[in-house]
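Enquirer: Below you will find the structure I want to go over with you.
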Ligand SMILES: Cc1ncc(COP(=O)(O)O)c(C=O)c1O
């Protein structure tokens with residue numbers, strides 16, 4: 041039909057040559073997805089069955105990232121969320137209802153703990169916490185209505201490695217699902233599904249993305265029954281991941297192996313160097329014997345990441361610990377981790393129930409890709425300024 045120029049702005053007849061091939065995944069944006077005809081209109085979220093229906097459920101860019109993470113983790117399907125915390129809360133919302141019981145480790149990522157103790161409790165879910173070293177002892181905490189046990193291994197900041205297979209065995213005997221925050225292992229250094237886990241999540245924000253420039257999360261499930269629950273919940277909660285961020289994550293993924301290898305080696309060197317310092321009481325790095333659960337790390341993991349914690353001697357005041365962090369020049373102060381820049385954050389566990397007695401003396405380090413000699417020099421000069 042003949043078109044006015046204003047219509048041509050929207051409905052153009054221009055055709056570019058076909059057959060473009062490139063190594064980069066194209067960015068397909070959504071919201072509106074076109075149907076071939078009026079009878080094809082469908083609001084099904086499961087685009088693997090129904091074809092593309094709406095941008096919220098993922099464009100080809102989002103689903104490629106989902107598929108690639110699923111492939112790496114050896115799961116059944118993966119759902120991409122706008123951040124790691126969104127992945128955690130979507131698992132909770134999809135798998136729990138009023139009257140159910142959930143268990144989380146005391147060492148769980150704090151926003152996950154808060155979501156459970158504030159939001160889930162508000163919805164009438166019975167929320168309990170357990171010592172991360174509990175292993176098969178979890179069976180004593182399981183109730184007839186326990187629907188979900190979370191694991192996070194190693195735990196946030198205090199780094200306890202968990203006996204995930206023992207927890208899975210006990211939980212499965214009671215008909216309870218196990219979800220794992222597998223972010224530290226980047227979904228690759230701990231084979232969650234081989235160790236019995238039903239649902240994994242990762243903050244893709246960290247090692248998959250790898251450059252501190254986006255926020256994404258992933259949930260990977262072991263079977264279709266769990267996938268149906270999660271997909272249906274994602275549709276109704278309405279959280280969509282940005283295709284632009286997914287394309288960046290796909291780019292980050294290509295170099296994840298070499299980044300992880302360099303970060304692992306650097307972190308081990310720095311951890312051992314810190315462990316030999318007189319100012320330090322203990323280094324909490326799963327690959328060091330000083331870390332609670334080190335033997336489990338050796339048994340179950342195939343590598344280690346760049347995040348670990350340092351506990352200073354009892355004689356150091358909070359001000360002195362903060363002076364150390366403030367004196368660092370190459371290590372920047374900030375949450376999140378997994379990028380190329382080394383980071384340091386001081387924590388204070390006084391008044392935190394179930395946390396080890398490290399008080400104000402614990403600092404989490406995330407090792408990036410700087411020269412390790414330079415990082416050690418930076419730590420050395422900062423240690424010298426504590427007193
Ligand atoms: C272990 C762990 N899980 C989940 C998250 C949440 O990820 P995001 O920052 O993408 O929401 C974080 C973030 O720091 C984390 O450390």
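Numbering (my numbering), first residue to last: 41 to 427.
Idealized CB from N, CA, C, for every residue including glycine.
#1: DSSP puts residue 166 in a beta bridge; with which residues?
#2: Would you please state the rounded distance, in angstroms, between the beta carbons of residue 418 and residue 371? I believe it to be under 8 Å.
#3: With DSSP collapsed to three states, give me the class of residue 312.
#4: Using the Cβ count rule (16 or more neighbours within 10 Å means buried), how would you classify residue 137?
#5: Determine the extent of the beta strand (DSSP E) in which residue 242 is found, giving its start and end residues.
#6: Is the number of C-beta pairs between the region 248 to 256 and the region 291 to 301 that are closer than 8 Å three or more?
#7: How would you label residue 2, buried or exposed, when you count the other beta carbons within 10 angstroms and need 16 or more for buried?
#8: What's the gap between the Cα of residue 82 and the Cα of residue 270?
#9: Note down the Cα distance separating residue 369 from residue 302, rounded to an integer number of angstroms.
#10: Should residue 427 go down as buried or exposed, given a rule of 16 or more other Cβ atoms within 10 Å for buried?
#11: Taking the beta carbon of residue 213 as the centre, do at least 16 other beta carbons fall within 10 Å, making it buried, or is it exposed?
#12: In the DSSP output, which residue or residues are listed as bridge partners for residue 349?
#13: Find the nearest neighbour of residue 166 within the set 149, 241, 176, 186, judged by alpha-carbon distance.
#14: Select from 142, 297, 329 the residue whose C-alpha is nearest the C-alpha of residue 312.
#15: Can you tell me which of the three DSSP states residue 104 falls into?
#16: Quick check on the burial criterion: 16 or more other C-beta atoms within 10 angstroms. Buried or exposed for residue 407?
#17: Between residue 147 and ligand 1, is there a pair consisting of the residue's CB and a ligand heavy atom that are separated by less than 6 Å?
#18: Tell me, which residues are paired with residue 258 by DSSP?
#19: Going by alpha carbons, who is nearest to residue 318 out of 275, 338, 420, 282?
#20: Ends of the beta strand (DSSP E) at residue 192?
#21: Are residue 155 and residue 129 touching if we call contact CB-CB under 7 Å?
#22: Assuming residue 296 contacts residue 226 (C-beta within less than 8 Å), just tell me the rounded distance between them.
#23: Should residue 258 be labelled buried (16 or more other beta-carbon atoms within 10 Å of its own) or exposed?
#24: Quick one: what does DSSP say residue 155 is sitting in, helix, strand or coil?
Expert: To lay it out plainly:
#1: 141
#2: 6 Å
#3: helix
#4: exposed
#5: 239 to 243
#6: yes
#7: Look at the range of the chain in this structure, 41 to 427, and you will see that residue 2 is not part of it.
#8: 19 Å
#9: 21 Å
#10: exposed
#11: exposed
#12: 324, 404
#13: 186
#14: 329
#15: helix
#16: buried
#17: no
#18: 120, 242
#19: 420
#20: 186 to 192
#21: yes
#22: 7 Å
#23: buried
#24: helix
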